[in-house]
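Student:
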Amino acid sequence: MRIAIGLEYEGDRFCGWQSQPLGGSVQDELEAALSKIACDKIKVIVAGRTDAGVHALHQVAHFDTQIWRPLGAWVRGVNALLPQSIAVLWASEISNNFHARYSANERCYLYLLLNHPVRAGLYYNKVGWFHVPLNLDKMKEAAEILLGEHDFNAFRAAECQAKSSVRNMTKLEITRQGDIITFELRANAFLYHMVRNIIGCLIYVGKGKYPPEWMRELLEGRDRTFAAPTFSAAGLYLAGVAYDSKWQLPNYVEPVFTMMLPKVDRLVRNLIVNDSGIV
């Protein structure tokens, strides 16, 4: 049988999602806990492999097992064996045709940026930081250029192994609440380091280093060396993964990402200067 699960985790506690020879990844911890509940070796397939330092508000994965357990065991039982910084949110038996990665229609990432002269202390691992005031209007103008289907080769890491760098960006929204700037990015898929490279370029535009039209030049030039450096992972969150309703996953997966909004709102509230003690 195939089981789909949703989970959240703090990325800075681990060396990324993907299993490592010496352990220490989210995948290693999750598979160890699942295997104990199943009394059998479990291998997990995930919707998006996050890097070290990248958090997940709602990651989706699946695994196959011949061992029957009540769904509650795959949630509460597994959580009892996981580190406090990883939690399974739900579990659902699903068709063998479902694939956490290849059945996904869209991914959503959020980036939280503290735009303040002084870095965060309490939330240093939950938010990126840039000390120079940023022009939001210029950044929004630059973001518009990235919407739609483009070759994002200039925004992927040299180590990226994707066969094609063409992606369809359906949303890139930038909002500000106090000193916290929130970037919401949605696309059919993302390249390795694509989000962090885009954030770095938008910050370059926001501080006046380049005009918004520079983003178009980067797209057309397809050369990573002309773009901004990869920005910090600290403020990056995999917010959700969207699937077709035919898979009958929990309601908060479709419509997309609505369950995440209260979490993000609470986090942003705590990061506001007057509330968080950041000075």
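Note that this note's numbering has the sequence shown beginning at 876, numbered continuously upward. Positions of the beta carbon are idealized from the N, C-alpha and C atoms, including for glycine.
Answer yes or no: do R924 and W949 have a C-beta to C-beta separation smaller than 8 Å?
Tutor: Working through the sequence shown from its first residue, we reach residue 924 at position 49. Working through the sequence shown from its first residue, we reach residue 949 at position 74. In this structure, W949 does not lie closer than 8 Å to R924 by Cβ.
Student: Where does the unbroken beta strand (DSSP E) through Y1118 begin, and where does it stop?
Tutor: Translated into positions along the sequence shown, residue 1118 becomes position 243. Start and end: L1111 to Y1118.
Student: Scan the stretch 957-1029 and note each continuous beta strand (DSSP E) run of 3 residues or more that stays entirely inside, going in chain order.
Tutor: With a minimum length of 3 residues, the continuous beta strand (DSSP E) runs that stay inside the stretch 957-1029 are 961-969, 979-990, 1003-1005 and 1023-1026.
Student: Measuring CB atoms only, is the stretch 1022-1032 touching the stretch 1063-1080, in the sense that at least three cross pairs come out at less than 8 Å?
Tutor: Because the criterion of three Cβ pairs below 8 Å is met, the stretch 1022-1032 and the stretch 1063-1080 touch.
Student: Shortest alpha-carbon distance to V953 belongs to which of S978, F973 and C914?
Tutor: Translated into the one-based positions of the sequence shown, residue 953 becomes position 78. The option with the nearest alpha carbon to V953 is C914.
Student: Grouping DSSP H, G and I as helix and E and B as strand, with all else coil, what is I912?
Tutor: The count along the sequence shown starts at 1 and reaches residue 912 at position 37. I912: helix per DSSP, three-state reduction.
Student: Nearest CA to the CA of M1044: which residue from D887, L1111 and N980?
Tutor: As a position in the sequence shown, residue 1044 is number 169, starting the count at 1. The shortest Cα separation from M1044 among D887, L1111 and N980 belongs to N980.
Student: Could you tell me the distance, in whole angstroms, from the CA atom of G1075 to the CA atom of S1107?
Tutor: Taking the sequence shown and counting its residues from 1, the one referred to as residue 1075 is at position 200. Taking the sequence shown and counting its residues from 1, the one referred to as residue 1107 is at position 232. Taking the straight line from one Cα to the other gives about 9 Å.
Student: Please name the residue, chosen from I1055, M1014 and N1028, that lies closest to L1047 on a Cα-to-Cα basis.
Tutor: Position 172 of the sequence shown, counted from the start, is the residue given in the question as residue 1047. Selected option, being the one with the closest Cα: M1014.
Student: Does the CB of G891 have a neighbour CB from chain D at under 8 Å?
Tutor: Of the protein chains in this structure there is only one, and it is not chain D.
Student: Going along the chain, which residues of its own chain have a beta-carbon closer than 6 Å to the beta-carbon of G996, five neighbours each way excluded?
Tutor: The residue labelled residue 996 in the question sits at position 121 within the sequence shown. Excluding positions up to five away in sequence, the list is empty.
Student: Looking at the secondary structure, which residues open and close the alpha helix (DSSP H) in which I1073 lies?
Tutor: Indexing the sequence shown from 1 puts residue 1073 at position 198. Looking at the DSSP string, the run of the alpha helix (DSSP H) that includes I1073 is M1069 to G1081.
Student: Around the Cβ of G1081, are there at least 16 other Cβ atoms within 10 angstroms (buried) or fewer (exposed)?
Tutor: Indexing the sequence shown from 1 puts residue 1081 at position 206. By the 10 Å Cβ count, G1081 comes out buried.
Student: Measuring only the C-alpha atoms, how far is A1109 from R1071?
Tutor: Reading the sequence shown from its first residue, position 234 is the one you call residue 1109. Reading the sequence shown from its first residue, position 196 is the one you call residue 1071. Approximately 10 Å between the Cα atoms of the pair.
Student: Quick test of your reading: L882 and I961, contact by CB under 8 Å. State the CB separation rounded to the nearest angstrom.
Tutor: Locating residue 882 in the sequence shown gives position 7, where the first residue counts as 1. Locating residue 961 in the sequence shown gives position 86, where the first residue counts as 1. Between I961 and L882 the Cβ distance is about 6 Å, and since that is below 8 Å, they are a contact.
Student: Which value, in whole angstroms, describes the spacing of the CA atoms of S894 and R994?
Tutor: Here residue 894 corresponds to residue number 19 of the sequence shown, with the count starting at 1. Here residue 994 corresponds to residue number 119 of the sequence shown, with the count starting at 1. When rounded, the distance between both Cα atoms is 32 Å.
Student: Where do the N-terminal and C-terminal ends of the beta strand (DSSP E) with L882 fall, by residue?
Tutor: Walking along the sequence shown from the start, residue 882 turns up at place 7. From DSSP, the beta strand (DSSP E) with L882 extends over R877 to Y884.
Student: For the beta strand (DSSP E) holding R1051, just list the boundary residues, first then last.
Tutor: Position 176 of the sequence shown, counted from the first residue, corresponds to residue 1051. First-last of the beta strand (DSSP E) with R1051: V1041 to Q1052.
Student: Taking the C-alpha atoms as reference points, what is the distance between R1097 and A1037?
Tutor: In the sequence shown, the residue the question calls residue 1097 occupies position 222. In the sequence shown, the residue the question calls residue 1037 occupies position 162. If I take the Cα positions, the gap works out to 15 Å.
Student: Taking the alpha-carbon of Q959 as reference, which of V929, F889, R982 and N972 has the nearest alpha-carbon?
Tutor: The residue labelled residue 959 in the question sits at position 84 within the sequence shown. Of the candidates V929, F889, R982 and N972, the one whose C-alpha sits nearest the C-alpha of Q959 is F889.
Student: Going by DSSP, name the residue or residues bridged to A948.
Tutor: The count along the sequence shown starts at 1 and reaches residue 948 at position 73. Partner(s): none; A948 has no beta bridge.
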